[in-house]
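Everything in the sequence shown is counted per the numbering used here, starting at 73 for the first residue and increasing by one. For each residue, glycine too, the CB sits at the ideal point set by N, CA and C.
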Amino acid sequence: MIFYKTDEQVELMRISALLVSETLSEIAKILRPGLATIEIDKLANEFILDHGAIPSFYNYSGFPHHIITSVNDVVVHGFPGKEILKDGDIISVDVGVIKNEYHGDHAYTFIIGEASKEIVDLVRTTKESLFVGIKEAVVGKRLGDIGFAIQNHNEKQGYGVVRDFVGHGLGKSMHEDPQVPNYGKRGSGLMLKENLVLAIEPMINLGKKEV
73 MIFYKTDEQV ELMRISALLV SETLSEIAKI LRPGLATIEI DKLANEFILD
123 HGAIPSFYNY SGFPHHIITS VNDVVVHGFP GKEILKDGDI ISVDVGVIKN
173 EYHGDHAYTF IIGEASKEIV DLVRTTKESL FVGIKEAVVG KRLGDIGFAI
223 QNHNEKQGYG VVRDFVGHGL GKSMHEDPQV PNYGKRGSGL MLKENLVLAI
273 EPMINLGKKE V
């Protein structure tokens, strides 16, 4: 079931989303070679709690941590732990918060130190494709328009668009309908209406689409 928000609910969700962005900004300050990923989790948890919110991911389907850290070839859903970041690594940090009963959810891929041109180009193109997808997320277009735009932007650069994981709706639940694939056909799928809140989440591989 799809839940369209009121204007007031959208504004509450903006507050949650802003806190997620601020949390990621705090995380960016400590990232360096030699850092254990569990330290990122500790910082994020403290920052979120200090700002009157709750980490969305903690105990979600039994998940034992407060954020998600996925290093290098781990696409999503990595566990913070003893893993030590190295120069040239990439790490996707996924942060979710609950504030005023509404979730915010956002991931950002950071480059640790100096990475190869191949990695830098992958991260850049993936980020570009997010904004290409957002440009299609307007009233009257369809979900397939978002997916097509993301898929086309990445595949023309030779990258693989992951099929096994997709974006999603967001609200009082962290995962709401509809699913938001990063691939699709123009003019297909759900028509986008005002106050539909989506988490658009491009997940892109070097080479093939499989994970």
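Unbroken beta strand (DSSP E) stretches of 3 residues or longer found wholly inside the region 217 to 268: 231 to 233, 239 to 241 and 248 to 252, given in chain order. Below 8 Å, too few C-beta pairs join the region 99 to 112 and the region 249 to 265 to call them touching: fewer than three. Secondary structure note for N117: its alpha helix (DSSP H) is the uninterrupted segment T109 to D122. Apart from the 5 residues on each side of it in sequence, A179 sits with its Cβ closer than 6 Å to the Cβ of S164 and D166 in its chain, given in chain order. According to DSSP, residue pairing for P136 in a beta bridge does not occur.
Of the residues T78, M246, L270 and M263, the one whose Cα lies closest to the Cα of N131 is M246. Below 8 Å, too few C-beta pairs join the region 170 to 178 and the region 191 to 198 to call them touching: fewer than three. Annotation: the continuous beta strand (DSSP E) that includes T181 extends over Y174 to I183. Distance from the Cα of I156 is smallest, within the candidate group H137, I184 and I170, for I184. Sorting E98, G261, K280 and P136 by C-alpha distance to the C-alpha of I120 places E98 at the top.
Of the other Cβ atoms in all chains shown, 16 or more fall within 10 Å of the Cβ of V233; this residue is therefore buried.
Within its own chain, the residues whose Cβ lies closer than 8 Å to the Cβ of M85, once the five positions on either side in sequence are excluded, are K77, Y174, H175, G176, L242, G243 and V269, listed in chain order. Nearest neighbour of T95 by Cα position, chosen from Q81, E83, I74 and D122, turns out to be D122. For I74, no alpha helix (DSSP H) run applies, since DSSP gives it neither H nor E. Straight-line measurement puts the Cα of V147 at about 10 Å from the Cα of D236.
In the structure shown, L157 falls within a coil segment according to DSSP collapsed to helix, strand and coil. Within a 10 Å sphere around the beta-carbon of F203 sit fewer than 16 other beta-carbons, which makes this residue exposed.
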